[in-house]
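Student:
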Amino acid sequence: MRLSRYYLPLLKETPSEAQIVSHQLMLRAGMVRQESAGIYAWLPLGFRVLKKIEQIVREEQDRAGAVEMLMPTIQSAELWRESGRYEAYGKEMLRIKDRADREMLFGPTNEEMITEIFRAGVRSYKDLPKMLYHIQWKFRDEVRPRFGVMRGREFLMKDTYSFDADQEGARKSYNKMFVAYLRTFARMGLTSIPMRADTGPIGGDLSHEFIVLADTGESAVFCDSRLLDLDVPGADTDFDGDLQPMIDRYTSYYAATEEKHDNAEFETKVAKDDRVAARGIEVGHIFYFGDKYSAPMKAVVTGADGKDRAVEMGSYGVGVSRLVGAIIEAYHDEAGCKWPVPVAPFHVGLINIKVGDAATDEASAKAYAALEGAGVDVLYDDTPARPGEKFARMDLIGLPFQLIIGPRGLESGKVEIKRRSDGHRDELSLDAAIEMLKRDVASALKV
RNA sequence: CGGAGCGUGGCGCAGUCUGGUAGCGCAUCUGCUUUGGGAGCAGAGGGCCGCAGGUUCGAAUCCUGCCGCUCCGACCA
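For the first sequence, the working numbering gives the first residue as 712, with consecutive numbering after it.
#1: Only counting runs of 4 or more residues, tell me where the alpha helix (DSSP H) segments fall wholly within the stretch 864–925, in order along the chain.
#2: Check whether the Cβ atoms of S1026 and D870 sit closer than 8 Å, and answer yes or no.
#3: Run the CB neighbour count on V1158, radius 10 Å, all protein chains shown included, and call it buried at 16 or more, exposed below.
#4: Would you mind stating whether A1041 and L901 have Cβ atoms separated by less than 8 Å?
#5: Hey, V1126 and A1074 are a contact pair by Cβ (cut 8 Å); roughly how many whole angstroms apart?
#6: If you follow the beta strand (DSSP E) that R990 is part of, which residue opens it and which one closes it?
#7: What did DSSP end up calling Q730 once you bin it into helix, strand or coil?
#8: Buried or exposed, going by whether 16 or more other CB atoms sit within 10 Å of the CB of L954?
#9: By how many angstroms is the C-alpha of G1120 removed from the C-alpha of V1089?
#10: DSSP on E1040, reduced to helix/strand/coil?
#11: Should V860 and M957 be called a contact, given that it needs their Cβ atoms to be closer than 8 Å?
#12: Just to confirm my understanding: we take I997, look at its own chain, exclude 5 residues before and 5 after, and list those with CB closer than 6 Å. What are they?
#13: Could you check the C-alpha separation between R1033 and R744 for me, to the nearest Å?
#14: Name the DSSP beta bridge partners of M742, please?
#15: According to DSSP, is G1047 helix, strand or coil?
#16: Taking D1137 as part of the beta strand (DSSP E), name the residues at either end of that continuous run.
#17: From F950 to D940, what distance separates their C-alpha atoms?
#18: If you count every other CB in all the chains shown that lies within 10 Å of the CB of N974, and 16 or more means buried, which is it?
#19: Take E969 as the anchor and find which of L722, K1129, D838 and A908 has the nearest alpha-carbon.
#20: Got a sec? Which residues, its chain only, sit under 6 Å from D1002 by beta carbon, not counting five neighbours each side?
#21: Which residues in the same chain as V1068 place their Cβ atom closer than 8 Å to its Cβ, once the five residues preceding and following it in sequence are excluded?
#22: Taking G1120 as part of the alpha helix (DSSP H), name the residues at either end of that continuous run.
#23: Please list the terminal residues of the continuous beta strand (DSSP E) segment that includes D935.
#24: Quick check on the burial criterion: 16 or more other C-beta atoms within 10 angstroms. Buried or exposed for I750?
#25: Of the residues V1066, R1150, M899 and R1136, which one's Cα is nearest the Cα of A1081?
#26: Specify the secondary structure class of T979 as computed by DSSP and reduced to three states.
#27: Quick check: the stretch 773–780 against the stretch 824–844, are at least 3 beta-carbon pairs closer than 8 Å?
#28: Along the chain, where does the beta strand (DSSP E) that runs through R1020 open and close?
#29: Roughly how many whole angstroms lie between the Cα atoms of Q766 and V994?
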């Protein structure tokens, strides 16, 4: 993409309403624009990050055996009366009426709808297990939206629903999502910690929140520092095999959010030097909730004994839009964002220091074509701006690699690669630079 | 939902107390000079001062109502 054609409205000054660094940087880097309290338009740069995160989430869901679909944002109140949640959900649910005065709502979650869809198509225990998911916008009329996309009212969420014939099966589904989540967040460069958690209004009795540590997180959390060093399950994980040992390894260490925290247990189980009391961002949440919805909504299957039983369900959410903010919280410095390659809006920022100079124009065009041709996403700064401004804005938007081509370097046949993560610079020939970028990007994207 | 505050060119703000022709910085446009870390000089454009009433000779400023937004707390992917 040529910057001259792109829409990238950068802000030099920090908007006063933004309190945390991720929100500030998302506004300054032209990623989002607030349209209403807790409601954001995703500008081109932010949208690219959102899409990359979404795709990683999708790939890991598919790998774990979940099947993608898409449910609507608008739902009928009828469904929610069946489960008994229409009244219970309270003012967080945005209620609307259509022209025939029918009561509708903008979905805050989809347990009811998926249960209705499931029961229409499944009759026998032989059809189980099933895991279905979608990635769709939700609306929760939060009392206090804040921190930009971290607590928006409208947000993009991946929600998966599992259906099993019995508790043992449900446990297996739960474990699959547990592992999938560890992998999902790790691929984005995040160290997530599964913590036993409150089940909240969704209900049930087995639940983990996946937390990313950050000073600006909204949850107070307590855990064993050794959790931070555990290996994440590999891409070769057999999701149909026994995942329980993997889960046990993670859950053997103390980790709890404030609501479930037991200080006596914490101090007994965790050595003093390993105790972590910190703040965290909840990026995922998994629940097993049994027949909470399937029983009232009559989602039943006929068992081997010929009797009908309500299916065992679980639901599993990832805050896709929230992750954009969470990743910035984890990867930034004074100058701006520092995107990990897998979620970066572009991999390489190509800076032509002196547009109009025949040599730099030619070298830049060559690099641009070669990298794009190799599947590397390039944002080519082909604008006539001054070098200082180009450097500053490339740092701000935080692409992992900067390829800097200027007349000074070209005199000796050299271009420069700057790595945004640590500021490391290499001077090398154009051809070598292109090869290096292709290689580095490819290796960073390897799953 | 309780408490606090803010709405003034695209962005950040001053002006409001004490009413009298709307200002600053950044950004934008033009010209010249610059050109490897957010340039300099000269000039220019751009505002129903959130909306609606009221008081007044006169309202960004005072009064009333409404709308929007932010922050702190209790709640949540």
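Note that beta-carbon positions come from the ideal geometry of N, C-alpha and C, so glycine has one too.
Tutor: In this structure, then:
#1: 878–898
#2: yes
#3: exposed
#4: yes
#5: 7 Å
#6: For R990, the enclosing beta strand (DSSP E) starts and ends at R986 to G1001.
#7: coil
#8: Result: buried.
#9: 21 Å
#10: helix
#11: no
#12: M888, H919 and Y1027
#13: Approximately 15 Å between the Cα atoms of the pair.
#14: Looking at the DSSP assignment, M742 forms no beta bridge with any residue, so it has no partner.
#15: G1047 falls in the strand class under three-state DSSP.
#16: Its beta strand (DSSP E) spans residues R1136 to L1139.
#17: The straight-line gap from Cα to Cα measures roughly 22 Å.
#18: exposed
#19: A908
#20: A1021
#21: Just to set this straight, residue 1068 is Asp in the shown sequence, not Val. Correct list, in chain order: P1118.
#22: P1118 to E1122
#23: S930 to D935
#24: exposed
#25: When each option's Cα is compared against that of A1081, the closest is R1150.
#26: helix
#27: With the cut-off at 8 Å, the stretch 824–844 and the stretch 773–780 touch.
#28: D1019 to A1021
#29: 16 Å
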